[in-house]
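Reading through the structure tokens given below for one structure.
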Amino acid sequence: MRTLITCFIAMFASFNTLAADMNARDFIAAPDGTLLSAYYLSYSHSTRYRGDSDTYKNAKATVSAFAFRQVLYTDLCGVICTPQFVIPYVDIDSRSPGQMGSGSGSGVGDPQIGGTLFLINNPSTQTYSGFMTLLTVPIGEYHSQSPDVSPGGNRWVLDLLYNYTQGFGERWVIEADIEALLFGKNDDYYGESLEQKPVFRLQTFLSYAFTDNTYGALRFIQGHGGEARFDGATLADTEQDYTQLGLELGHKLDQKNQLMLALTKDLDSSNAFQGAQALLRFVHVY
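See below:
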């Protein structure tokens, strides 16, 4: 059972953070009244699991996902804030650590609702700061007898993220995000309960504008935590650590449309899948 739980935790991390993962320049606020739609296509592939649970050394995981995100910038909060929602569709193919057989599943995942409250929004000094809250609502497709390949997680998740963004000159922007993921209880994991301690993450970005319409960014992510309890008992080798490095390239097609490509590589991991991820994002401003 421990091996299945480690896979569930790792797979959930692969697609649940699709929208929660920030990208470079996300916290440069748009004007009041701006409405935008973001479309995400992501692909994550891992042929290695770093941890003692992978006794056969044959674990693998592939996650493909599409997500739609709707965001409104408004000053109804007294400052700029961004009420939003995210709806994901997920396709999963995996072989759990310590297992010989593989499984697959696809369907609508758990939606997210929330927004960002901008604490600093000063274009003249290129300084921005905000607090983002996203709540994952457990109404996606979930199968209690195959939770590791279920699109939904059957548990509430609260994502709390603080960002600070500072521009330098006309081209450079540096950013840092501090994040905590808080998990509710899954009360039907093979008929038993599954709990998980918080996961804490640090995301940093350094971006450079090559032209007024095109920028590139270097991205670094460090994550830690997530130890699991099954039916009240703490499970060894379920606390995760991982380090990721990525590159982003964004291009404004015109005043209303933007494309962004991100490539990320897992540099190191513990009790987690290790592989690579690709993300294509299209944003349309109304």
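Residue numbering for the sequence shown is -19 to -1, 1 to 267, as defined by mature numbering (1 follows the signal peptide of the UniProt record, and there is no 0).
By construction, the Cβ of each residue, glycine as well, lies at the ideal position given by its N, Cα and C atoms.
Assuming residue i contacts residue j under a Cβ cut-off of 8 Å, what Cβ separation, rounded to an integer in Å, is found between them?
i	j	result
Thr245	Gln221	Incorrect: roughly 16 Å between the Cβ atoms, too far for contact.
Ser250	Arg31	5 Å
Tyr223	Ala253	5 Å
Tyr168	Gln184	Here residue 168 is Asp; the residue named in the question, Tyr, does not match the sequence. That pair is no contact at about 31 Å.
Gly96	Pro64	4 Å
For residue i, which residues of its own chain have a beta-carbon under 6 Å away from its beta-carbon, when the five flanking residues on both sides are left out?
i	result
Leu260	Ser23, Ala243
Val266	Leu17, Lys237
Lys233	Asn194, Gln239
Leu142	Met113, Asp158, Glu160
Pro104	none
Asp235	none
Given a cut-off of 8 Å, decide if residue j and residue i are closer than it, judged by their beta-carbon atoms.
i	j	result
Pro78	Ala40	yes
Leu139	Leu175	no
Ala161	Phe181	yes
Gly88	Pro119	no
Gly14	Thr43	no
Gln258	Ser25	yes
Gly256	Ser34	no
Phe66	Ile94	yes
Arg262	Leu228	no
Gly121	Gly148	no
Where does residue i land, buried or exposed, given buried means 16+ other C-beta within 10 angstroms?
i	result
Thr106	exposed
Cys62	buried
Val130	buried
Pro92	buried
residue 269	Outside the displayed range of the chain (-19 to 267) lies residue 269, so it cannot be described from this structure.
Pro12	exposed
Gln51	exposed
Asp247	buried
Val264	buried
Thr219	buried
Gly231	buried
Leu57	exposed
Tyr20	exposed
Gly150	exposed
Gly204	buried
Ends of the beta strand (DSSP E) at residue i?
i	result
Met241	238 to 251
Trp153	153 to 164
Leu22	16 to 31
Asp72	65 to 76
Lys41	41 to 53
Arg210	209 to 211
Val89	84 to 89
Ala198	195 to 206
Against chain C, with Cβ distances strictly below 8 Å, would residue i count as a contact?
i	result
Arg136	This model lacks chain C altogether, as it is built from one protein chain only.
Going by beta carbon distance, what residues of the same chain come within less than 7 Å of residue i, once the five residues before and after it are set aside?
i	result
Lys178	Gly206, Gly207, Glu208
Tyr189	Arg152, Trp153, Tyr196, Gly197
Ile101	Thr108, Tyr109, Ser110
Phe8	Tyr109, Gly111, Asn144, Thr146, Glu156
Thr(-3)	Bear in mind that the predicted position of Thr(-3) carries a pLDDT of just 49, short of 50, making it unreliable; the figure below should be weighed with that in mind. Cβ within range, chain order: n/a, list empty.
To which residues of the same chain is residue i closer than 8 Å at the C-beta, ignoring the five residues directly before and after it?
i	result
Val60	Leu98, Phe99, Leu100, Asn102
Arg137	Per the sequence shown, the amino acid found at residue 137 is Trp instead of Arg. If we look at Trp137 and ignore the five residues flanking it on each side, its Cβ neighbours are Leu116, Thr117, Val118, Pro119, Phe164, Gly165.
Please indicate yes or no: does the CB of residue i lie closer than 7 Å to some heavy atom of the ligand NAP?
i	result
Leu175	This structure simply doesn't include the ligand NAP, nor any ligand for that matter.
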